[in-house]
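Undergrad: Residue numbers (the numbering used here): 5 to 390. Once you've had a glance at the structure underneath, I'll fire off some questions.
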RNA sequence: GCUGGGUUCGCAUAGCGGCAAUUGCAUCUGGCUGUAGACCAGACGGUCGUAAGGCCUACGGGGGUUCGAGUCCCUCACCCAGCACCA
């Protein structure tokens, strides 16, 4: 019973129509049809995406009938708003490939042997225009234009493609076809997911549920998203991952614990209670790396972080650069790809960011010497004569 | 097809005819520290010069007006909106 409670609360932003009813249904122990739809055009998964996968995984563990639905049909249609540029349509082979890379990452969270994988082109492709129109009858234009985002675009005079109106209907049809009981997705999908509820109710007279999952904030406190560059990717290497977690804002520590780890809630309280933010964050980073890589990787990453960041030691593995006698420091900085132009190298030196063998370099034309070159806080190179 | 708006540094934005060009985010450097976080300061086209400064390249493409054009004019391309046409 506790399990169900946690499942319906942790990281859950909203349950439609309501939490209690779903709880009652789940308590009956009935096997429910659950599904999550994903877009096969993006293959990289970050911790934010993982929140939803985590929820799906929990449902699968409880023995529900979980479908992981690949929205290949949506990808086939693509965004056709521009008629001249032939948008390369994803072939089914590419979609397969994409899914493979996706799965490789998602496996860290979700056990694919416990779920069914489906493709929505299977039924959407066959849908006739007549059937489509019938589905459309179940919705009103008012529903769509009252959506906040759509409303905003309308008032701003932005273009809204008619096909955009069809997306929720397609998604709703997926839901209908799968005879869904629970649909899982991010809160941004709430509207689309509700379309499924509408269709199931109208055409099957069955009540279904929408489980809207909370968003995870990115390392800078904004929503984690590809375009912001604030994401922690599931395939980040342990050191990067650890460091990125350390870089999150203090206020996000709790959110990360709850949404991005499987740590139980009591333990989270405990950790937060007796530790200062930095230690809590270290704990968090360790757990995340452990879950996504391994315990050993986490220990190594923690060690590495301590050494290189906190104690400012030179990392054990650094790049080697062969220098010819008489080369200048700025030339080497460029050769090591620490700067992309002479001006930039010069700038780094002027700002005091270049250290050669423990000594700060002040002259860009200083001759190089064999040893350790440090640029900024984290870039090192070992110099050796050719 | 017509009318209007737009195309500027990774993204987003500003830009009376004197501009290597604003601001925000991101990035980088320094300081500080609890960490590479937060905060503060600075940098952020290239190249030459120790420096002051010079030179080159850049505001969708091409052309023009001008001592001088991101800014004005013409033209082409693309994007967006509204209208019309098509029924």
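The beta carbon of each residue, even a glycine, is placed where N, CA and C say it ideally should be. Every value quoted in this text rests on a predicted model; they were computed, and no experiment measured them.
In or out: residue 366 buried (at least 16 other Cβ within 10 Å) or exposed?
TA: Exposed, by the Cβ-count rule.
Undergrad: If I'm right that residue 59 touches residue 215 with Cβ under 8 angstroms, what's the distance once you round it to whole angstroms?
TA: So it is a contact: roughly 7 angstroms between Cβ atoms.
Undergrad: CA-CA distance, residue 183 and residue 297?
TA: 36 angstroms
Undergrad: Counting along the chain, where does the alpha helix (DSSP H) carrying residue 302 start and finish?
TA: Unbroken alpha helix (DSSP H) run through residue 302: 299-309.
Undergrad: Let me know the secondary structure DSSP gives residue 138 once reduced to three states.
TA: DSSP places residue 138 in helix when its eight states are reduced to three.
Undergrad: With DSSP as the reference, label residue 392 as helix, strand or coil.
TA: Residue 392 lies beyond the residue range present for the chain, which begins at 5 and ends at 390; the question has no answer from this structure.
Undergrad: Classify residue 188: buried if its beta carbon has 16 or more other beta carbons within 10 angstroms, exposed otherwise.
TA: Label assigned to residue 188: buried.
Undergrad: When the Cα of residue 253 is compared with those of 271, 282, 144, which residue comes out closest?
TA: 282
Undergrad: Could you tell me how far apart the beta carbons of residue 61 and residue 113 are, in whole angstroms, since I believe they sit closer than 8 angstroms?
TA: Yes, residue 61 and residue 113 are in contact; Cβ-Cβ is about 6 angstroms, under 8 angstroms.
Undergrad: Within the same chain, show all residues whose beta-carbon is closer than 6 angstroms to that of residue 194, passing over the 5 residues directly before and after it, in chain order.
TA: 216
Undergrad: Using the rule of at least 16 other Cβ atoms within 10 Å of the residue's Cβ for burial, across every protein chain shown, is residue 330 buried or exposed?
TA: With fewer than 16 Cβ atoms within 10 Å of its Cβ, residue 330 is classed as exposed.
Undergrad: Measure the C-alpha to C-alpha separation of residue 155 and residue 149 and round it to an integer number of angstroms.
TA: 6 angstroms
Undergrad: Could you check how far apart the C-beta atoms of residue 352 and residue 313 are, in whole angstroms? I think they sit under 8 angstroms.
TA: About 20 angstroms; that fails the 8 angstroms criterion.
Undergrad: Buried or exposed, going by whether 16 or more other CB atoms sit within 10 Å of the CB of residue 6?
TA: exposed
Undergrad: What is the DSSP secondary structure of residue 332, counted as helix, strand or coil?
TA: strand
Undergrad: Answer yes or no: do residue 41 and residue 73 have a C-beta to C-beta separation smaller than 7 angstroms?
TA: yes
Undergrad: Does DSSP put residue 20 in a helix, in a strand, or in coil?
TA: The answer is strand: DSSP assigns residue 20 an E or B state.
Undergrad: Starting from residue 349, follow the alpha helix (DSSP H) in both directions and report where the run begins and ends.
TA: Unbroken alpha helix (DSSP H) run through residue 349: 346-354.
Undergrad: Going by DSSP, what residues sit across from residue 39 in a beta bridge?
TA: Under DSSP, residue 39 forms a beta bridge with 71, 187.
Undergrad: Among 128, 317, 104, 17, which residue has its Cα nearest to the Cα of residue 47?
TA: 104
Undergrad: Have a look at residue 85 and residue 169 and give me their C-alpha separation to the nearest angstrom.
TA: Note on residue 85: pLDDT 40, under 50, position unreliable in the model; the coordinate value appears next. If you take the alpha carbons of residue 85 and residue 169, they lie about 13 angstroms apart.
Undergrad: For residue 210, which residues of its own chain have a beta-carbon under 6 angstroms away from its beta-carbon, when the five flanking residues on both sides are left out?
TA: 204
Undergrad: Skipping 5 residues on each side, what residues in its chain have a beta carbon closer than 8 angstroms to that of residue 87?
TA: A caution first: residue 87 carries a pLDDT of 32, below 50, which makes its placement in the model unreliable, though a value can still be read off. So the list is empty, once near-sequence residues are dropped.
Undergrad: Note down the Cα distance separating residue 43 from residue 49, rounded to an integer number of angstroms.
TA: 11 angstroms
Undergrad: What is the rounded straight-line gap between the Cα of residue 180 and the Cα of residue 31?
TA: Using only the alpha carbons, I get a separation of about 23 angstroms.
Undergrad: Select from 382, 372, 196, 383 the residue whose C-alpha is nearest the C-alpha of residue 389.
TA: 372
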